[in-house]
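Sequence lines, in order, name chains A and B.
Take the working numbering: the final residue in the first sequence is number 112, and no numbers are missing along the way.
Take the working numbering: the final residue in the second sequence is number 115, and no numbers are missing along the way.
Glycine is no exception: its CB is placed at the ideal position from the N, C-alpha and C atoms.
Quick caveat: nothing in here was measured; it's all calculated off a predicted structure.
Below is one structure, written out as structure tokens; comments come after it.
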Amino acid sequence: GNSVTQMEGPVTLSEEAFLTINCTYTATGYPSLFWYVQYPGEGLQLLLKATKADDKGSNKGFEATYRKETTSFHLEKGSVQVSDSAVYFCALGYSSASKIIFGSGTRLSIRP
Amino acid sequence: EAGVVQSPRYKIIEKKQPVAFWCNPISGHNTLYWYLQNLGQGPELLIRYENEEAVDDSQLPKDRFSAERLKGVDSTLKIQPAELGDSAVYLCASSLRTGVQETQYFGPGTRLLVL
Chain A
1 GNSVTQMEGP VTLSEEAFLT INCTYTATGY PSLFWYVQYP GEGLQLLLKA
51 TKADDKGSNK GFEATYRKET TSFHLEKGSV QVSDSAVYFC ALGYSSASKI
101 IFGSGTRLSI RP
Chain B
1 EAGVVQSPRY KIIEKKQPVA FWCNPISGHN TLYWYLQNLG QGPELLIRYE
51 NEEAVDDSQL PKDRFSAERL KGVDSTLKIQ PAELGDSAVY LCASSLRTGV
101 QETQYFGPGT RLLVL
């Protein structure tokens with residue numbers, strides 16, 4: 001079946017460090033891929049998405065590229081800030097089913 | 001524009017008691033979702049509505065869970081009776097279904113603790 005696997009947390013970095021959170025997926029067909037972020041006490045927010053192979057999603061300095069050959073969608077940011085501390089979820093979805101399957105989440109903590 | 005509203009934000013009950021959660025989606029959104037999020041896990045879909053119709057309830061434990069979306073706007077999710085294992089966060093989301101992969105907007109969730 002369809003599934004998403006992401007690196008376990010917590011991930012702790014110093015401010016201005018480079019961030020990578022790994023995400024791989026198993027899916028049939030051609031899903032869209034997403035990264036959602038959940039700040040403390042808030043609901044999930046869509047951070048970025050990519051709808052087909054080789055697409056790059058980007059937002060707020062974060063980027064992820066849809067790699068069909070490696071079934072991956074790794075999240076990267078060149079210089080993290082304290083305000084980026086949150087839980088990040090990788091997910092896949094199909095427009096025909098309007099259903100999203102989430103990974104287990106990665107908690108990110110940034111030290112000043 | 002107001003986001004997805006959920007209430008209550010927190011609920012503590014004893015096992016075997018009933019509990020209900022309420023969701024008000026973003027105005028104009030025809031699709032509404034209820035998700036269950038266990039501690040340290042990603043959300044899992046319980047039920048999806050398109051307007052008033054439940055189009056995907058395959059993951060809803062129907063022996064104790066029920067949901068309704070009267071008039072295709074607000075929705076209520078109920079558990080009766082609650083069990084210890086139901087302790088989790090219950091998330092509501094809404095979207096405007098347009099035939100392409102739409103963005104789901106999530107509420108803050110209701111955190112349930114069953115004692």
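| Check | Outcome |
| --- | --- |
| Opening and closing residue of the beta strand (DSSP E) in which Ala50 of chain A lies | Leu44 to Ala50 |
| Span separating the alpha-carbon of Lys56 of chain A from that of Pro10 of chain A | 25 Å |
| Sequence-distant residues of the same chain with beta carbon closer than 6 Å to Thr31 of chain B, five excluded per side | Glu50, Ser95 and Arg97 |
| Positions along the segment 40 to 68 of chain B whose CB lies within less than 9 Å of some CB in chain A | Gly40, Gln41, Gly42, Pro43, Glu44, Leu45, Arg48, Glu50, Val55 and Asp56 |
| For Ser3 of chain A, the residue or residues it bridges with in DSSP | A:Thr26 |
| Partners in chain A for Phe21 of chain B, counting only beta-carbon separations shorter than 9 Å | Within chain A, no residue comes near Phe21 of chain B; the closest Cβ sits about 14 Å away, beyond 9 Å. |
| Buried versus exposed, by CB contacts within 10 Å (16 or more), Lys77 of chain A | buried |
| Rounded separation between Thr20 of chain A and Ala86 of chain A - CA only | 14 Å |
| Chain-ordered chain B contacts of Ser98 of chain A [CB-CB under 9 Å] | Thr31, Tyr33, Arg48, Glu50, Val55, Asp56, Ser95, Arg97, Gln101, Glu102 and Gln104 |
| Whole-number beta carbon distance between Tyr33 of chain B and Gln104 of chain B, since they are thought to touch under 8 Å | 6 Å |
| Neighbour flag for Phe102 of chain A against chain B, beta carbons, 8 Å | yes |
| The segment 39 to 53 of chain A / the segment 61 to 75 of chain A touching (three or more Cβ pairs under 8 Å) | yes |
| Proximal chain B residues relative to Gly41 of chain A, where beta-carbon distance stays under 8 Å | Pro108 |
| Cβ-based neighbour list, Lys78 of chain B, same chain, cut-off 6 Å, excluding 5 preceding and 5 following | Ala20 and Ser66 |
| Entirely enclosed beta strand (DSSP E) segments - the segment 15 to 95 of chain B, minimum 3 residues | 19 to 24, 31 to 37, 44 to 50, 53 to 56, 65 to 68, 75 to 79 and 88 to 95 |
| Positions along the segment 77 to 95 of chain A whose CB lies within less than 9 Å of some CB in chain B | Phe89, Cys90, Ala91, Gly93, Tyr94 and Ser95 |
| Touch test, the segment 1 to 11 of chain B against the segment 20 to 40 of chain A, Cβ-Cβ under 8 Å, three pairs minimum | no |
| Run of the beta strand (DSSP E) containing Glu76 of chain A, from where it starts to where it stops | Leu75 to Lys77 |
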